[in-house]
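Below is one structure, written out as structure tokens; the observations come after it.
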Amino acid sequence: MRRVLVIGGGASGLMAAITAARQGAKVTLIEKNQQPGKKLLTTGNGRCNFTNRRQELSFYRSEDPERVREVLRAFPAEAAVAFFEELGILVKDRNGYLYPNSGQASSMVEVLKLEVRKFSRRIKEAYNTEVLSVEKQRDVFRVHTEGWTYEGDALILACGSKAGPKTGSTGDGYRFAESLGHRVIPPLPALTGLYASEGDRGTLAGVRIEAKVTLFIDGQISAEEEGEVQFASYGLSGIPVFQVSRYVSRAREAGRDCMAVLDVCPGYSLEELEKILLKKGVTMGERKGTDILLGMFPEKLSQVFLGRAGISLKKPRRDWTEGECRRLAEQMKGLSFHIFGCRGYEQAQVCTGGVPLSELKGVSMESILVPGLYFAGELLDVDGACGGYNLQWAWSSGYLAGVHAAGFR
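Heads up: take any position in the sequence shown, counting from 1, add 7, and you land on this note's numbering.
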């Protein structure tokens with residue numbers, strides 16, 4: 008019976024351990040927290056969007072996108088759904104975004120824990136156990152903890168990234184990978200908020216509005232996303248902002264300039280907005296300040312628009328010039344913010360960077376440098392968009408690592 012060591016009891020680690028045990032391996036699952044699945048409990052705001060029926064390569068970011076495609080084809084979203092249905096999960100489909108029908112991430116964690124216990128004769132659970140170092144001597148892997156050294160024929164590193172350190176993701180896996188000879192693309196925060204330098208950002212704190220977000224890096228369009236933007240005291244938040252944050256992380260690390268431009272009226276052209284504003288001069292010429300834009304935008308946002316357009320809040324609409332109407336419409340179509348960075352690992356959902364997929368053999372998730380060493384989950388250089396994509400990567404990579412580690416020769 009092949010001995011498989013799995014470091015990390017998150018989504019990918021649990022999948023790897025269960026899969027290896029199903030293949031007949033003797034597994035030791037090592038997790039630093041008192042219980043596995045701590046980070047999984049927080050996903051989807053506690054509801055666990057565990058995958059998505061819409062699977063396109065554009066939802067995954069990596070230096071080796073074709074390898075990502077191959078891995079996802081080897082264990083697709085349909086396989087993940089079948090796996091969890093087998094464990095008892097009733098799947099709820101929300102426009103392709105899949106959740107447990109219970110609406111609780113804890114349901115996902117519990118069924119995984121029950122499956123681990125089902126294989127209690129094959130899976131040894133070593134929780135509240137922090138790994139200090141790993142090594143390979145001849146054909147044996149040794150995982151050193153404070154009180155014990157575990158030995159195995161294969162080792163799966165599923166330790167997570169540096170995102171969400173309160174859940175135990177502190178980047179230990181990068182250190183282990185490097186100690187075994189692997190390169191690590193420097194991990195940086197992704198799926199997180201953006202810091203803006205504009206002084207009026209504080210005025211907008213708490214405002215939410217649908218918008219198209221365009222990210223410019225050194226003056227060139229780098230990414231575009233649309234959805235609900237949330238303004239915060241530090242800058243910008245919300246799903247479309249999270250989606251572009253990984254590009255900001257990389258750009259700012261390289262010292263490049265970043266600007267986020269918000270179109271809060273994507274359904275209207277600049278000319279159409281101008282006409283609406285000009286018409287207001289006829290119908291509400293006596294109104295002043297934010298009252299003129301009442302019904303169009305939240306008051307705080309209207310105040311910022313007027314300020315940036317150079318229109319006094321005390322100036323009646325009938326006294327506005329056509330040029331002022333034009334400038335105001337331009338702000339609605341292009342509210343810009345200079346971005347000087349991303350929020351840190353504490354607020355990030357995942358990281359960009361990690362162990363390059365080019366250092367793995369095909370879809371086996373096995374190292375090309377160290378036979379018997381496998382990788383899964385966020386530790387690898389793959390970060391997905393919001394919508395269940397990072398968990399799908401965890402299921403796919405964890406499954407494949409488990410299958411191949413159990414059959415390692």
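The beta-carbon is built from N, C-alpha and C at its ideal position, and this holds for glycine as well.
Here the structure is a predicted model, which is why all the values come from computation and not from measurement.
Check                                                                                                                                                                     : Outcome
Taking C-alpha atoms, which residue in Glu85, Cys332 and Val389 lies nearest to Lys286?                                                                                   : Cys332
Excluding the five sequence neighbours on either side, which residues of its own chain have a C-beta within less than 6 Å of the C-beta of Val268, listed in chain order? : Thr221, Gly341 and Ser343
What residues in its chain sit with their C-beta under 7 Å from that of Val78, if we drop five residues either side in the sequence?                                      : Val370, Ser403, Ser404 and Leu407
Please give the ranges of any beta strand (DSSP E) in the stretch 73 to 145, keeping only runs that are unbroken, at least 3 residues long and fully inside the region.   : 98 to 101, 104 to 107, 130 to 133 and 138 to 144
Answer yes or no: do Ser168 and Pro194 have a C-beta to C-beta separation smaller than 8 Å?                                                                               : yes
Using the Cβ count rule (16 or more neighbours within 10 Å means buried), how would you classify Tyr419?                                                                  : The first residue shown for the chain is 8 and the last is 416, placing residue 419 beyond what the model contains.
Can we say the stretch 384 to 401 touches the stretch 41 to 61, given the rule of at least three CB pairs closer than 8 Å?                                                : yes
For Cys265, which three-state DSSP category applies?                                                                                                                      : strand
Can you tell which of Gly31, Asp326 and Leu47 has its C-alpha closest to the C-alpha of Gly20?                                                                            : Leu47
Which residues bound the alpha helix (DSSP H) around Pro193?                                                                                                              : Taken as a continuous stretch (DSSP letters only), Pro193 belongs to no alpha helix (DSSP H), being part of the beta strand (DSSP E) at Ile192 to Ala197.
Identify the residues that DSSP records as bridge partners of Pro323: which are they?                                                                                     : Lys295
Just the C-alpha distance for Phe183 and Ser140, rounded to the nearest angstrom, thanks.                                                                                 : 7 Å
Just checking, does the stretch 35 to 52 make contact with the stretch 110 to 119 on the three C-beta pairs under 8 Å criterion?                                          : yes
Can at least three beta-carbon pairs, one atom from the stretch 296 to 311 and one from the stretch 150 to 166, be found at a separation below 8 Å?                       : no
If we call anything under 8 Å between Cβ atoms a contact, is Ile346 one with Met266?                                                                                      : yes
What does DSSP give as the partner residues of Lys219 in its beta bridges?                                                                                                : Glu233 and Asp270
Rounded to whole angstroms, what's the CA-CA distance from Val156 to Ala133? Just pull it up for me.                                                                      : Position check: residue 156 holds Thr in this sequence, whereas Val was assumed. Cα to Cα, the separation comes out at about 12 Å.
Report yes if the C-beta distance between Gly394 and Tyr67 is below 8 Å; otherwise report no.                                                                             : no
Could you check what DSSP says for Arg61 in three-state terms: helix, strand or coil?                                                                                     : coil
Would you call Ile25 buried or exposed, if buried means 16 or more other Cβ atoms sit within 10 Å of its Cβ?                                                              : buried
Classify His151 as buried or exposed, calling it buried when 16 or more other Cβ atoms lie within 10 Å of its own Cβ.                                                     : exposed
Please determine, among Leu364, Gly17, Arg10 and Phe249, the residue with the shortest C-alpha to C-alpha distance to Glu233.                                             : Phe249
Could you have a look at Thr50 and say whether DSSP puts it in helix, strand or coil?                                                                                     : helix
Asp71: which of Ser229, Ser365 and Gly361 sits nearest, CA to CA?                                                                                                         : Ser365
With a Cβ-Cβ cutoff of 8 Å, do Val98 and Val362 count as a contact?                                                                                                       : no
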